[in-house]
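Peer 1: Residue 471 in the numbering used here sits at position 331 of the sequence shown, and the numbers go up by one each step. We put the CB at the ideal spot given by N, CA and C, even for glycine. Just so you know, these numbers come straight off a predicted model, no measurement behind them.
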Amino acid sequence: MSDAVRRLRLMLVISSSELGGAERVVQLLCRSLDVERFAPAVVCPPSAAMERIAGERGMAYWPLAFPVPVRWRAVRQLARLIREHRPDIIHTHLILADLYGMLACRIARGPVWVSTIHGPNYLLPWGSPLERAQRWCLGWFYRALYQACDGVATCSEAVKQAVSSGLGIRVAPSKTTVIHNGIALQPFSAALNGASRRAARPTVVCVSNFAPFKGHEVLVEALRRLTSPNPVRCLMVGDGPTRGRIERAVQAAGLSQAVEFLGFRDDVPAILREADAVVLPSHWEPFGLVILEAMAAGVPVVATAAGGVPEIVTDGETGLLVPPGDARAMAQAVARVLSEEPLRQRLVAQAAELVRTRFTAEAMARAYERWYEHLAAVRGVAGRWTADGRHAHHEVAPMESAHVG
């Protein structure tokens, strides 16, 4: 057999092609997986960026819509791709891809099915009683879904704890592996000289989808405290259901001249070049990719000690942490990183070293590769296909621990 058929075959499936954290993780995996040992393919809604990445790496790419409600025609299309590509492992991202992937794997019969849970936002206590009841029911649906899953990865210990103890879902800890997200360092290297950014009007940047648990209203109150007597400019990057409410809160606080809403952007590295501080005000946060991006760009971070954030930020060493919902503490922390140059320089230096040594896309990809190989060993998957389409088994040493990365 040639080398081309001796690799472990992967199919990465994601049900969105927007610019969120899960989509960026899949793109980085496609760019960083070792194609000498793995044969990845990707299935997602039509995406010029993903098609370009697949072409650059010699990967198979199939555009596929994931309709809501679920349509059996789309499920059968995915099952047909599985039969044709014959992957050893199907790796799904986001709940809609999880559902389609589970159904298609049942039809196709054979591949290992695993999922990454990027954030259990459905478990958070926000919204009306009806919305919370709907999320509770959704949690029970997830519980039934993930019982059929061969393995689950989470982006932080906080997410692992949430999905193993939250309402309804209860993913078994023994089935769950923690693999921290990583980033590509190169796009942010041009923004490393933080001192050159200092100006008469400091700029604070918040990159976050607008959702109830993201805490934008706390940032607005913190900005109100910061703008008197010293003016502070704030760039809010992202979009979502609560954007209109936050825009009205900015107007009510008299901050319309200080806050700019930029919407979804694909040039975050360029925006970070303007930043004197990056703020993440979430009431709960699964991980916080923007924290890593700020660290790589040499921008000090102020974030809430919520969810997975403390797994990245050590208070006073690689950033400043404040209690969730505490606008006063947030304003004070931002004022410190804007005014105390020795603190700023120490935070920036230590954060840059942290992200360089622990949170790169390559480190994330190596952790996923170890997980794939462990799953292949446990399930007896060969990763080597014979001419007639059957597996030829090979030995892979099992992992010593369920925790990776």
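Can you name, in chain order, every residue of its own chain whose Cβ lies under 7 Å from the Cβ of Met199, other than the five neighbours on each side?
Peer 2: Hits under 7 Å: Cys170, Pro180, Ala181, Val182.
Peer 1: How would you write the range of the alpha helix (DSSP H) that Leu168 sits in, first residue to last?
Peer 2: Looking at the DSSP string, the run of the alpha helix (DSSP H) that includes Leu168 is 161-172.
Peer 1: For the beta strand (DSSP E) holding Gly403, just list the boundary residues, first then last.
Peer 2: Gly403 -> beta strand (DSSP E) spans 399-403.
Peer 1: Below 8 Å CB to CB, which residues in the same chain sit around Pro371 once its five sequence neighbours on both sides are set aside?
Peer 2: Once the five neighbours on either side are set aside, the close Cβ partners of Pro371 are Arg341, Ala398.
Peer 1: For Leu270, count neighbouring C-beta atoms within 10 Å of its own C-beta (all shown protein chains included) and say buried if the count is 16 or more, exposed if not.
Peer 2: By the neighbour-count rule (16 or more Cβ atoms within 10 Å), Leu270 is not buried but exposed.
Peer 1: Quick check: Ala437 and Phe328, are their CB atoms within less than 7 Å of each other?
Peer 2: Yes, the pair counts as a contact, with Cβ atoms nearer than the cut-off.
Peer 1: I need the boundaries of the alpha helix (DSSP H) containing Ile323, first residue and last residue.
Peer 2: Here Ile323 belongs to no alpha helix (DSSP H), and DSSP marks it neither H nor E.
Peer 1: In angstroms, rounded to a whole number, what distance separates the CA positions of Pro538 and Arg498?
Peer 2: Because Pro538 carries a pLDDT of 35, less than 50, the predicted location of this residue cannot be relied on, and no value is offered for it.
Peer 1: Any idea if Phe404 is buried or exposed, counting beta-carbon neighbours within 10 angstroms, 16 or more meaning buried?
Peer 2: By the 10 Å Cβ count, Phe404 comes out exposed.
Peer 1: In whole angstroms, what is the alpha-carbon distance linking Arg147 and Val252?
Peer 2: Cα to Cα, Arg147 sits roughly 15 Å from Val252.
Peer 1: So which of Phe206, Ala293, Val453, Cys245 has the shortest CA-CA distance to Pro227?
Peer 2: When each option's Cα is compared against that of Pro227, the closest is Cys245.
Peer 1: Say whether the segment 298-313 touches the segment 472-482, bearing in mind that this needs 3 or more beta-carbon pairs closer than 8 Å, one atom from each stretch.
Peer 2: Taking 8 Å as the limit for Cβ pairs, the verdict is that the segment 472-482 does not touch the segment 298-313.
Peer 1: To which residues does DSSP link Val254 through a beta bridge?
Peer 2: In the DSSP output, where bridge partners are listed per residue, Val254 has His231, Gly291.
Peer 1: Note down the Cα distance separating Ala214 from Trp202, rounded to an integer number of angstroms.
Peer 2: Their backbone Cα atoms lie some 12 Å apart in a straight line.
Peer 1: Determine the contact status of Tyr282 and Ile247, defining contact as a CB-CB distance below 7 Å.
Peer 2: Going by C-beta atoms, Tyr282 is not nearer than 7 Å to Ile247.
Peer 1: Got a sec, what are the start and stop residues for the beta strand (DSSP E) Thr343 sits in?
Peer 2: Element bounds for Thr343: 343-347.
Peer 1: Along the chain, where does the alpha helix (DSSP H) that runs through Val474 open and close?
Peer 2: Residues 467-479.
Peer 1: Rounded to the nearest angstrom, what separates Tyr555 and Ser187 at their Cα positions?
Peer 2: Beyond the ends of the chain as shown, which are 141 and 545, falls residue 555; an answer cannot be given.
Peer 1: Using DSSP's beta-bridge definition, name the partner residues of Phe178.
Peer 2: Note: Phe178 sits in a beta bridge opposite Leu148.
Peer 1: Does the contact criterion of 3 or more C-beta pairs under 8 Å hold for the segment 154-170 versus the segment 383-392?
Peer 2: Result no; under three Cβ-Cβ pairs closer than 8 Å.
Peer 1: Go ahead and label Ser396 buried or exposed: buried means 16 or more other beta carbons lie within 10 angstroms of its beta carbon, across all protein chains shown.
Peer 2: The residue is exposed, with fewer than 16 neighbouring Cβ atoms inside 10 Å.
Peer 1: When DSSP builds the beta bridges, which residues end up paired with Val495?
Peer 2: Its beta-bridge partners do not exist; DSSP assigns none.
Peer 1: Within 10 Å of its beta-carbon, does Cys277 have 16 or more other beta-carbons around it, so buried, or fewer, so exposed?
Peer 2: Exposed: under 16 other Cβ atoms inside 10 Å.
Peer 1: In three-state DSSP terms, what is Val210?
Peer 2: Coil, per DSSP.
Peer 1: Please report the distance separating the alpha-carbon of Gly241 from that of Thr232.
Peer 2: Using only the alpha carbons, I get a separation of about 7 Å.
Peer 1: Run through DSSP, which three-state label would Asp557 get?
Peer 2: The chain is shown from 141 up to 545; residue 557 falls before or after that span and cannot be answered.
Peer 1: Buried or exposed for Arg496, please, with buried defined as at least 16 other CB atoms from any protein chain shown within 10 angstroms of its CB.
Peer 2: The residue is exposed, with fewer than 16 neighbouring Cβ atoms inside 10 Å.
Peer 1: Do Val345 and Leu366 come within 7 Å of each other at the CB atom, strictly closer than that value?
Peer 2: Not closer than 7 Å, so no.
Peer 1: Looking at Leu420 and Gly161, is the spacing between their C-beta atoms short of 7 Å?
Peer 2: Result no, Cβ atoms of Gly161 and Leu420 do not sit closer than 7 Å.
Peer 1: Rounded to whole angstroms, how far is the Cβ of Thr500 from the Cβ of Leu325, which I believe are closer than 8 Å?
Peer 2: Between Leu325 and Thr500 the Cβ distance is about 6 Å, and since that is below 8 Å, they are a contact.
Peer 1: What does the alpha-carbon distance come out to for the pair Asn333 and Pro185?
Peer 2: Bear in mind that a pLDDT of 48 at Asn333, under 50, signals an unreliable position, so the number given afterwards is only what the model happens to contain. C-alpha separation (whole angstroms): 38 Å.
Peer 1: Going by CA-CA distance only, name the one from Arg519, Pro440, Ala517 that's closest to Pro482.
Peer 2: That would be Pro440, whose Cα lies nearest to the Cα of Pro482.
Peer 1: Do Glu425 and Val462 have their CB atoms nearer than 7 Å?
Peer 2: Their beta carbons are not under 7 Å apart, which means Glu425 does not touch Val462 by this criterion.
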